[in-house]
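Here is the structure we will look at.
Numbering (the numbering used here), first residue to last: 11 to 109.
Written out as structure tokens, the structure is:
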């Protein structure tokens, strides 16, 4: 349920998720996120607050430039190593919440 999810996210240091409700709930609660985007465009749907690493299929590093029109790519193009690198970057940042 959403209340339990909110309680867990409030205590978490980091959430790894796709573009979904938990991503936006974590952003609202100030929890850092690694957000995985496949064919959906982060220009429209990315969190606008909290430390977030946006990983987009077809792009080799976390995105910082967002365009209204970008080519869609399947999410399987995001490597495990890209996710691990983004996690380590956010967790080593002084802005990451402390449990």
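Note that beta-carbon positions come from the ideal geometry of N, C-alpha and C, so glycine has one too.
Keep in mind that this is a model prediction, so the values were computed, not measured.
(1) How about residue 65 and residue 96: are their beta carbons less than 7 angstroms apart?
(2) Based on the DSSP secondary-structure assignment, which residues constitute the bridge partners of residue 44?
(3) Reducing DSSP to helix, strand and coil, say where residue 49 ends up.
(4) Taking the C-alpha atoms as reference points, what is the distance between residue 47 and residue 36?
(5) Alpha carbon to alpha carbon, how far is residue 25 from residue 14? Give it in angstroms, no decimals.
(6) So what's residue 104 in DSSP terms, helix, strand or just coil?
(7) With respect to the alpha helix (DSSP H) encompassing residue 68, which residues constitute its N-terminal and C-terminal limits?
(8) Is residue 61 closer than 7 angstroms to residue 19 when the C-beta atoms are compared?
(9) Under the assumption that residue 45 contacts residue 56 (Cβ atoms under 8 angstroms), give the Cβ distance between them as a whole number of angstroms.
Let me spell this out:
(1) As a first step, residue 65 must be located in the chain shown, where it is residue number 55. As a first step, residue 96 must be located in the chain shown, where it is residue number 86. The Cβ-Cβ distance between residue 65 and residue 96 falls below 7 angstroms.
(2) Counting from 1 along the chain shown, the entry for residue 44 is found at position 34. Paired residues: 26 and 63.
(3) Residue numbering aside, residue 49 sits at position 39 when the chain shown is read from its first letter. For residue 49, the three-state secondary structure derived from DSSP is coil.
(4) Walking along the chain shown from the start, residue 47 turns up at place 37. Walking along the chain shown from the start, residue 36 turns up at place 26. Approximately 16 angstroms, taken between the alpha carbons.
(5) As a first step, residue 14 is located in the chain shown; it is residue number 4 there, counting from the start. As a first step, residue 25 is located in the chain shown; it is residue number 15 there, counting from the start. Distance between the alpha carbons of residue 14 and residue 25 is about 15 angstroms.
(6) Here residue 104 refers to the residue found at position 94 when the chain shown is read from its first residue. Note: residue 104 maps to coil in three-state DSSP.
(7) The sequence position of residue 68 within the chain shown is 58, counting from 1. In the DSSP assignment, residue 68 falls outside any alpha helix (DSSP H), carrying neither H nor E.
(8) In the chain shown, residue 19 corresponds to position 9, counting from 1. In the chain shown, residue 61 corresponds to position 51, counting from 1. Cβ atoms of residue 19 and residue 61: not closer than 7 angstroms.
(9) Taking the chain shown and counting its residues from 1, the one referred to as residue 45 is at position 35. Taking the chain shown and counting its residues from 1, the one referred to as residue 56 is at position 46. 6 angstroms between Cβ atoms; contact.
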